[in-house]
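Reminder that position 101 of the sequence shown reads as 101 in this note's numbering, one-by-one numbering, no gaps.
Glycine included, every Cβ here is placed at the ideal spot set by N, Cα and C.
Source: prediction; values computed, not measured.
Accompanying notes for the structure given below.
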Amino acid sequence: MVSVTAPASAADSVVAAAPSFWDPARKLEKPDLSTIKQIRFLTEDDFPPFDFALPDGTIAGFNVDLARAICEELEITCTIQRRRWDTLVAALDENAGDAAIASFAITPEMRKKVDFTQPYYTTPGRFVVRKDSVLSGATPEALADRTIAVAADSAHEAYLKKFFPASTLATYPSAQQARTALKEGRAHAMFGDAISLAFWLNGADAADCCMFKDGPYADPAFFGDGVGVAVRRNNVALRRALDYALARVAQKGVYAELYLKYFPVGPY
Numbered sequence: 001m002v003s004v005t006a007p008a009s010a011a012d013s014v015v016a017a018a019p020s021f022w023d024p025a026r027k028l029e030k031p032d033l034s035t036i037k038q039i040r041f042l043t044e045d046d047f048p049p050f051d052f053a054l055p056d057g058t059i060a061g062f063n064v065d066l067a068r069a070i071c072e073e074l075e076i077t078c079t080i081q082r083r084r085w086d087t088l089v090a091a092l093d094e095n096a097g098d099a100a101i102a103s104f105a106i107t108p109e110m111r112k113k114v115d116f117t118q119p120y121y122t123t124p125g126r127f128v129v130r131k132d133s134v135l136s137g138a139t140p141e142a143l144a145d146r147t148i149a150v151a152a153d154s155a156h157e158a159y160l161k162k163f164f165p166a167s168t169l170a171t172y173p174s175a176q177q178a179r180t181a182l183k184e185g186r187a188h189a190m191f192g193d194a195i196s197l198a199f200w201l202n203g204a205d206a207a208d209c210c211m212f213k214d215g216p217y218a219d220p221a222f223f224g225d226g227v228g229v230a231v232r233r234n235n236v237a238l239r240r241a242l243d244y245a246l247a248r249v250a251q252k253g254v255y256a257e258l259y260l261k262y263f264p265v266g267p268y
């Protein structure tokens with residue numbers, strides 16, 4: 001279940017709306033924590049605004065703050081270590097950490113390697129257009145015979161090929177180059193990862209050029225089942241504890257506060 005605290009008519013707004021991935025009416029029963037003495041979280045430091053290094057060398061970001069909120073909710077001592085993203089699963093397997101909170105997408109392949117909590121955010125696709133655009137919307141009809149910039153060989157390109165067949169696709173080696181094409185007026189719209197686009201729209205590189213238009217598009221066949229905290233396979237006690245803490249953090253409004261802190265331009 002995903003809900004957003006803003007009406008659908010606010011899709012073109014730059015004001016963030018905090019999503020919820022937990023049923024607020026569900027009664028939560030605190031799991032047995034007697035076997036969990038501490039939680040050693042692992043993350044990376046090169047994926048802002050989720051994980052990044054501060055000038056003094058400490059790590060910060062949405063994932064980091066959420067890990068700390070989980071620990072506070074469970075009243076358990078935690079550590080947060082940073083490692084290269086491509087070493088995180090191996091570190092879990094080697095018992096060098098207990099949980100990885102590093103924006104791991106929940107995919108069938110990843111489920112063979114680790115267990116996941118329920119998703120704590122999703123990665124839908126969204127369109128962005130220039131603020132001077134006269135497009136009435138970002139639908140297949142509105143974008144027929146229009147040029148859409150997109151990263152080549154991406155899920156977003158595949159989605160456009162299936163659902164926007166009348167549009168002209170301008171493919172680029174990277175999403176960054178596709179965003180630049182839109183910014184410079186070489187495309188009518190750009191389609192990409194909503195999370196990255198929200199961060200871009202709020203940053204200096206966009207120079208206030210653009211805005212979201214319609215969406216989000218959240219087809220799991222193209223964009224996955226969301227992002228969860230990863231734990232070693234069959235570590236049921238820890239997974240249940242993390243799921244409980246995430247739901248409690250959401251119920252108390254802490255998740256929304258963190259989301260609005262890091263995403264003043266909301267991806268949803």
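| Item | Value |
| --- | --- |
| Taking all protein chains shown into account, decide if Ala-90 is buried (16 or more other Cβ within 10 angstroms of its Cβ) or exposed. | exposed |
| Could you tell me which uninterrupted beta strand (DSSP E) segments, each at least 3 residues in length, are contained entirely in the stretch 178–264, listed from first to last along the chain? | 189–193, 210–217, 227–231 |
| DSSP on Arg-40, reduced to helix/strand/coil? | strand |
| Would you tell me roughly how many angstroms separate the C-alpha atoms of Asp-214 and Gly-125, rounded to the nearest one? | 10 Å |
| Can you round the beta-carbon distance between Ala-189 and Leu-160 to whole angstroms, since I take them to be within the 8 Å contact cut? | The pair is not a contact, with the Cβ atoms about 10 Å apart (cut-off 8 Å). |
| Assuming Arg-172 is part of the alpha helix (DSSP H), what are its boundary residues? | The sequence given here has Tyr at residue 172, not Arg. Counting along the chain, Tyr-172 falls outside any alpha helix (DSSP H), though it belongs to the beta strand (DSSP E) covering 168–172. |
| Looking only at its own chain, which residues have a Cβ that is under 6 Å from the Cβ of Ala-79, when we skip the five neighbours before and after it? | According to the sequence as given, residue 79 is Thr; it is not Ala. The answer, listed in chain order, is Arg-40. |
| Considering only the beta carbon of each residue, do Pro-24 and Arg-240 sit closer than 7 Å? | no |
| Given Trp-22, which residues of its chain have a CB within under 6 Å of its CB, disregarding the five upstream and five downstream residues? | Ala-247, Ala-250 |
| Here's the rule I'm using: 16 or more other beta-carbon atoms within 10 Å means buried, otherwise exposed. How should Val-114 be labelled? | buried |
| Looking only at its chain, what residues have a beta carbon closer than 6 Å to the beta carbon of Val-15, apart from the 5 residues adjacent to it on each side? | Low per-residue confidence applies at Val-15: pLDDT is 46, beneath 50, and the placement is therefore not dependable, though the value from the model is reported in the following sentence. Cβ within range, chain order: n/a, list empty. |
| Give every residue of the same chain whose Cβ lies closer than 6 Å to the Cβ of Asp-93, excluding the five residues on either side of it in the sequence, and list them in chain order. | none |
| How about Ala-194 and Ala-149: do their beta carbons lie closer than 7 Å? | no |
| From the DSSP output, which residues share a beta bridge with Ile-80? | Phe-41 |
| Assess, as a yes-or-no matter, whether the stretch 207–222 is touched by the stretch 35–55 under the definition of 3 or more beta carbon pairs within less than 8 Å. | no |
| Taking DSSP as the reference, what is the three-state secondary structure of Pro-48? | coil |
| Can you grab the Cα-Cα spacing for the pair Asp-132 / Cys-209, in whole Å? | 8 Å |
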